[in-house]
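Read the structure below first, then the notes.
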Amino acid sequence: MIEEEFKKQTELLREVYQALRPLRKVRLEDLEKALEQSKLLFIEGLKKPAFRFRREFRGFPAGTVIGPGLLMPGFPSIPRVFVLKTGIPRYIYGPFYAEEKIEGYNVRLANVFGEIKAFTRRGYVCPFATDRWPDFLPMLPEFFEKYPRYVICCEVAGPENPFVSEWPPYIKEDVAFFVFDIFDLERQKFLAPEKKYALLREYEFRTPEISGPYSPQEIDPLKGLILRYEEEGREGVVLKPVSFKDGRVIKYVTSSSNVSDLRVAFPYIGELDASYIVHRLVRMTITRWELDQPFDENFYQALGEAFFGEMKELLDKVAQGEPVEEVFKVRLRRKESLEALMAHFRTAQVRIEIRREEWKDEYLHVEFAKIYPKATSFWAGKLQGLAQID
């Protein structure tokens, strides 16, 4: 970091430290050192100084956002169970709801210093979701007027999002916002499901499909729901106790969701840890076993196609010197949002090539490619004859 810029950010951090009492459980010197080591990063583009924790730090989760009077914790990781019969009673002791797990990306919408901003799981301001929330959550300003210290947690999903290549099959174009949690900044707690559901109905926020309540002692109805999700190509469920005193939130995904993950990820294996593949194979195997889903020729063919269906085309391109890439489409309300999105990718060190821009029906339609250098090198090196010691 340039010395002058670091000095300026350090002064801003001291302002935040004095204005945010919960931050004082950590010494200012330690926070300044974290800033110097890029464990704590300044957030550009807000009306007041704010920072995000890049990784977990002294009890603050990764993605936590801090500013004057603002402590927004990073969204917690939800543990995954592999077997419903044994996993549910281990973690949930009373009635619980099953919310559809949406295939998309997670943002937190908050009224920050008088502006509604969307923050990603890692604490970045998300230019795309900040641009598009008015199309899907028109009553959000009214909500924040009454509940300024609440945070809306939602999944952005659909074929025209800038980050992920999977989405619910019932979204045919553009995106949708699905609100799945509300966080209370004053109490530093999530709202209990039934209180949350009442607010979501009142403000007409779209939600994932909600089922239940179920009992930990009778999970056959839940199995039926998951088998329906399997047939419909949905990702899975997030299980939430009616009362947080009765356990913790856990998640469970369908077999087909794992197959879909493998289809999307395998061409880009050079960008991923190999455990990404292994974990999904293990989850898929156990899920099919528990739900009595067949291990037959249809399944073997679907799994094989997921791994190899697009590989010949990819290897042909790499052999001809082309990079491994992934094409995305988005629509935006403002040109400035595209510029902010490109700046976001530069900050995240993601290489982007814009292929098309067109104003249509009051939206800027953009097509761009993400270039994956590690995946390109992974496949190209092997095609060029490089040896590898296993």
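With this note's numbering as the guide, the letters of the sequence shown map in order to residues 23 to 412.
C-beta: ideal position from N, C-alpha, C; glycine also.
Local conformation of Trp381 per DSSP, three classes: Taking the first residue of the sequence shown as 1, we reach residue 381 at position 359. Strand, per DSSP.
Residues that Arg74 bridges to, as DSSP identifies them: What you label residue 74 is simply residue 52 of the sequence shown in a count that begins at 1. Its beta-bridge partners are Leu63, Val87.
Local Cβ density within 10 Å of Asp338, reported as buried at 16 or more and exposed below that: Along the sequence shown, one-based indexing puts residue 338 at 316. Burial call: exposed.
Residue span of the alpha helix (DSSP H) that contains Ala328, given as start and end: One-based indexing of the sequence shown puts residue 328 at position 306. For Ala328, the enclosing alpha helix (DSSP H) begins and ends at 319–330.
Option in Pro101, Leu408, Ala41, Arg112 with minimal Cα separation from Gln239: What you label residue 239 is simply residue 217 of the sequence shown in a count that begins at 1. The residue with the shortest Cα to Cα distance from Gln239 is Arg112.
Under the three-state DSSP convention, the category Phe79 falls into: As a working note, residue 79 is residue 57 in the sequence shown. Phe79: strand per DSSP, three-state reduction.
Within 8 Å, strictly: CB atoms of Leu354 and Asp52: Residue numbering aside, residue 354 sits at position 332 when the sequence shown is read from its first letter. Residue numbering aside, residue 52 sits at position 30 when the sequence shown is read from its first letter. Contact: no.
Proximal residues to Ser399 (C-beta, below 7 Å), its chain only, five neighbours per side dropped: Residue mapping note: residue 399 aligns to position 377 of the sequence shown, counting from 1. Cβ within range, chain order: Gly292.
Secondary structure, beta strand (DSSP E): runs of 3+ residues fully inside the segment 270–351: The qualifying runs are 272–275.
Three-state secondary structure assigned by DSSP to Thr229: Translated into the one-based positions of the sequence shown, residue 229 becomes position 207. Correct three-state label for Thr229: coil.
Residue from Val105, Leu131, Leu363, Tyr115 whose Cα sits closest to the Cα of Phe227: Here residue 227 refers to the residue found at position 205 when the sequence shown is read from its first residue. Of the candidates Val105, Leu131, Leu363, Tyr115, the one whose C-alpha sits nearest the C-alpha of Phe227 is Leu131.
Own chain, CB closer than 7 Å to Leu213, minus 5 neighbours either side, in chain order: The residue labelled residue 213 in the question sits at position 191 within the sequence shown. The answer, listed in chain order, is Ile204, Asp206.
Inter-residue Cα distance where the pair is Ala140 and Pro316: Walking along the sequence shown from the start, residue 140 turns up at place 118. Walking along the sequence shown from the start, residue 316 turns up at place 294. For Ala140 and Pro316, the distance between alpha carbons rounds to 42 Å.
Beta-carbon spacing of Thr229, Phe200 below 8 Å: As a working mapping, residue 229 is identified with position 207 in the sequence shown. As a working mapping, residue 200 is identified with position 178 in the sequence shown. The answer is yes: Cβ separation under 8 Å.
C-beta atoms of Glu195 and Pro181 nearer than 8 Å: Along the sequence shown, read from residue 1 onward, the residue named residue 195 stands at position 173. Along the sequence shown, read from residue 1 onward, the residue named residue 181 stands at position 159. Against a cut-off of 8 Å, the Cβ pair of Pro181 and Glu195 comes out as a contact.
Contact between the segment 325–345 and the segment 115–122 (3+ Cβ pairs under 8 Å): Segments in contact, no.
His387 beta carbon near the ligand GTP (any heavy atom closer than 7 Å): Questions concerning the ligand GTP fall outside what the structure shown contains, since it holds no ligand whatsoever.
Gly258, DSSP secondary structure in three states: Looking up residue 258 in the sequence shown gives position 236. Residue state, collapsed to three classes: strand.
CA-to-CA distance, Thr369 to Asn133, given in whole angstroms: Your numbering for residue 133 matches position 111 in the sequence shown. Your numbering for residue 369 matches position 347 in the sequence shown. Spanning the alpha carbons of Asn133 and Thr369 requires a straight line of approximately 24 Å.
Element boundaries [alpha helix (DSSP H), containing Leu405]: Mapped onto the sequence shown, residue 405 falls at position 383. Run containing Leu405: 395–405, per the alpha helix (DSSP H) assignment.
Bridge partners - Leu93, DSSP secondary structure assignment: Residue 93 sits at position 71 when you count from the first residue of the sequence shown. In the DSSP assignment, the residues bridged to Leu93 are Ile88.
Check whether Leu362 and Glu375 have beta carbons under 8 Å apart: Here residue 362 corresponds to residue number 340 of the sequence shown, with the count starting at 1. Here residue 375 corresponds to residue number 353 of the sequence shown, with the count starting at 1. Going by the sequence as given, residue 362 is Ala instead of Leu. No, the pair does not count as a contact, with Cβ atoms beyond the cut-off.
Short Cβ contact (8 Å threshold) for Gly85 with Gly67: The residue given as residue 85 occupies position 63 in the sequence shown. The residue given as residue 67 occupies position 45 in the sequence shown. Annotated as distal: Gly85 and Gly67, with beta-carbon spacing of 8 Å or more.
C-alpha distance - Ile88 paired with Arg310, whole-angstrom precision: Along the sequence shown, read from residue 1 onward, the residue named residue 88 stands at position 66. Along the sequence shown, read from residue 1 onward, the residue named residue 310 stands at position 288. Rounded to the nearest angstrom, the two C-alpha atoms are 43 Å apart.
Beta-carbon spacing of Ala72, Ile65 below 8 Å: The residue labelled residue 72 in the question sits at position 50 within the sequence shown. The residue labelled residue 65 in the question sits at position 43 within the sequence shown. Yes, they are a contact pair.
Simplified DSSP state of Ala198, which is helix, strand or coil: Numbered from its first residue, the sequence shown carries residue 198 at position 176. Three-state result, Ala198: strand.
Status (buried if at least 16 other CB within 10 Å, exposed otherwise) for Met161: To locate residue 161, count along the sequence shown from 1; it is residue 139. Exposed is the call here.
Backbone secondary structure at Pro117 - three-state DSSP: Against the sequence shown, residue 117 aligns to sequence position 95. Coil at Pro117, not helix or strand.
Where the beta strand (DSSP E) containing Leu131 begins and where it ends: Here residue 131 refers to the residue found at position 109 when the sequence shown is read from its first residue. Where Leu131 is concerned, the enclosing beta strand (DSSP E) stretches over 127–134.
N-terminal and C-terminal residue of the beta strand (DSSP E) that Phe141 is part of: The residue you call residue 141 lines up with position 119 of the sequence shown. Run containing Phe141: 137–142, per the beta strand (DSSP E) assignment.
Same chain, Cβ closer than 7 Å to Glu252, five either side skipped, listed in chain order: As a working mapping, residue 252 is identified with position 230 in the sequence shown. Cβ within range, chain order: Thr276, Ser277, Ser278.
Within-8 Å CB hit, Asp412 to chain B: The chain labelled as chain B is not found in the depicted structure, where only one protein chain is given.
Buried or exposed by the 16-neighbour rule on C-beta atoms within 10 Å, applied to Ser359: Residue mapping note: residue 359 aligns to position 337 of the sequence shown, counting from 1. It counts as buried.
Best match in Tyr219, His301, Asp314 for proximity to Ile248 [C-alpha to C-alpha]: Within the sequence shown, numbered from 1, the residue matching residue 248 stands at position 226. The shortest C-alpha separation from Ile248 is found at Asp314.
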